[in-house]
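Encoded as structure tokens, the structure appears first; notes follow it.
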Amino acid sequence: MNRDAAGQSEGLFIVVSAPSGTGKTSILKALMQNCPNIMFSVSYTTRPPRPGEVDGRDYHFISEQEFRERIAAGEFAEWVENYGQLYGTSGKTMRAFLEQGFDLMLDVEARGAQALKTNYPGGIFVFVLPPSLAELRKRLGGRGCESEEAMKRRLDKAVDEIREIGWYDYVIFNDRLEDAVDRLRSIYVAEKSRRERLTERIEGFLA
Ligand code: ADP
Ligand code: 5GP
């Protein structure tokens, strides 16, 4: 997807995965406040909004029927069923942003991330870990609005997800939020500074 070798100005995309409750949403929000050229890929989901979540900003909240129609129409770059709900990334939106030169952050769990790695070469894959499972449990509780049972399901799934860490490019421990945001920003800046991405500018300079 990225035309790195030719040094074109297509945007880059960073896929961020983390067990639910780790703080990935908090990190991404803080990062994007300071980086206007980074867009957030707003996923589609059938899960109901949590308090404070806004349709079209946090997710596109749609019915299961609409989601299934979009699957049938081939609209998703990847989609998964997660905790009994459907989540997916619009391939069209993703391509449009990247082609316009915007950089894109995607909040996608490990199976979706794997599908993107296979089908959309050039992505950067970052896994965020909580300081410990005990802290993860606390953060899930702090977020509120979920039953004990839903929380237990998320914790069990967290352990499974962490096993996927082996094929990610970068790992960030979310101990202090500010440090985690700094690390993600550093990864972004380093990736933007890769020589292959700057070919055009270097050639212009040399000319
Ligand atoms: P995720 O998107 O990974 O599910 P959230 O960003 O919703 O997680 O964070 C889950 C909870 O943990 C929220 O209440 C958030 O304020 C809190 N949180 C996030 N990062 C930290 C951190 N570094 N230290 C303490 N609490 C945090
Ligand atoms: P939550 O319900 O807590 O917002 O998200 C649950 C999980 O779904 C998180 O691990 C999050 O990364 C993942 N997720 C959110 N959007 C997408 C998506 O478009 N595709 C995939 N595969 N996972 C997603």
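If you read the sequence shown in my numbering, its first letter stands for residue -14, the second for the next number, and so on. A virtual CB, placed ideally from N, CA and C, is assigned to each residue, including glycine.
Would you say the stretch -5 to 2 touches the stretch 86 to 94, given that touching needs at least three Cβ pairs under 8 angstroms? yes
Whose C-alpha, out of 28, 85, 36, 120, is nearest the C-alpha of residue 55? Here residue 55 refers to the residue found at position 70 when the sequence shown is read from its first residue. Closest by alpha carbon: 28.
Is residue 166 helix, strand or coil when you go by DSSP? In the sequence shown, residue 166 corresponds to position 181, counting from 1. Helix at residue 166.
Distance cut-off 8 angstroms: residue 162 Cβ against heavy atoms of ligand 1: Position 177 of the sequence shown, counted from the start, is the residue given in the question as residue 162. Yes, Cβ of residue 162 sits closer than 8 angstroms to a heavy atom of ligand 1.
Residues of its chain near residue 169, where Cβ-Cβ distance is below 7 angstroms and the 5 sequence neighbours each way are ignored: Your numbering for residue 169 matches position 184 in the sequence shown. The residues are 12, 16, 111, 157.
Regarding residue 98 and ligand 2, is the C-beta to nearest heavy atom distance less than 8 angstroms? In the sequence shown, the residue the question calls residue 98 occupies position 113. Within the cutoff, so yes.
Kindly examine ligand 1 and report whether one of its heavy atoms sits closer than 8 angstroms to the Cβ of residue 150. The residue you call residue 150 lines up with position 165 of the sequence shown. Not so, every heavy atom of ligand 1 lies at least 8 angstroms from the Cβ.
Those runs of the beta strand (DSSP E) which lie wholly inside the stretch 131 to 164 and span at least 3 residues: 155 to 158
Could you check which residue in 50, 164, 188, 153 has the C-alpha nearest to that of residue 107? As a working mapping, residue 107 is identified with position 122 in the sequence shown. Ranking the options by Cα distance to residue 107, first place goes to 153.
Residue 44 - DSSP class collapsed to helix/strand/coil: The residue given as residue 44 occupies position 59 in the sequence shown. Residue 44: strand per DSSP, three-state reduction.
Helix, strand or coil: which one does DSSP assign to residue 18? Numbered from its first residue, the sequence shown carries residue 18 at position 33. In this structure, residue 18 counts as helix in the three-state DSSP scheme.
How is residue 68 classed by DSSP in three states: helix, strand or coil? What you label residue 68 is simply residue 83 of the sequence shown in a count that begins at 1. Here residue 68 sits in coil by DSSP.
Helix, strand or coil: which one does DSSP assign to residue 1? As a working note, residue 1 is residue 16 in the sequence shown. Of the three classes helix, strand and coil, the one that applies to residue 1 here is strand, per DSSP.
Residue 110 bridges to which residues according to DSSP? The sequence position of residue 110 within the sequence shown is 125, counting from 1. In the DSSP output, where bridge partners are listed per residue, residue 110 has 0.
To the nearest angstrom, how far is it from the Cα of residue 57 to the Cα of residue 51? Residue mapping note: residue 57 aligns to position 72 of the sequence shown, counting from 1. Residue mapping note: residue 51 aligns to position 66 of the sequence shown, counting from 1. Going from the Cα of residue 57 to the Cα of residue 51 covers about 10 angstroms.
Assuming residue 147 and residue 88 form a contact by the criterion Cβ under 8 angstroms, report the distance between their Cβ atoms to the nearest whole angstrom. Here residue 147 refers to the residue found at position 162 of the sequence shown. Here residue 88 refers to the residue found at position 103 of the sequence shown. Not quite, the Cβ-Cβ distance comes to about 27 angstroms (not below 8 angstroms), so this is no contact.
Option in 186, 150, 117 with minimal Cα separation from residue 140: Against the sequence shown, residue 140 aligns to sequence position 155. For residue 140, the nearest C-alpha among the options comes from 117.
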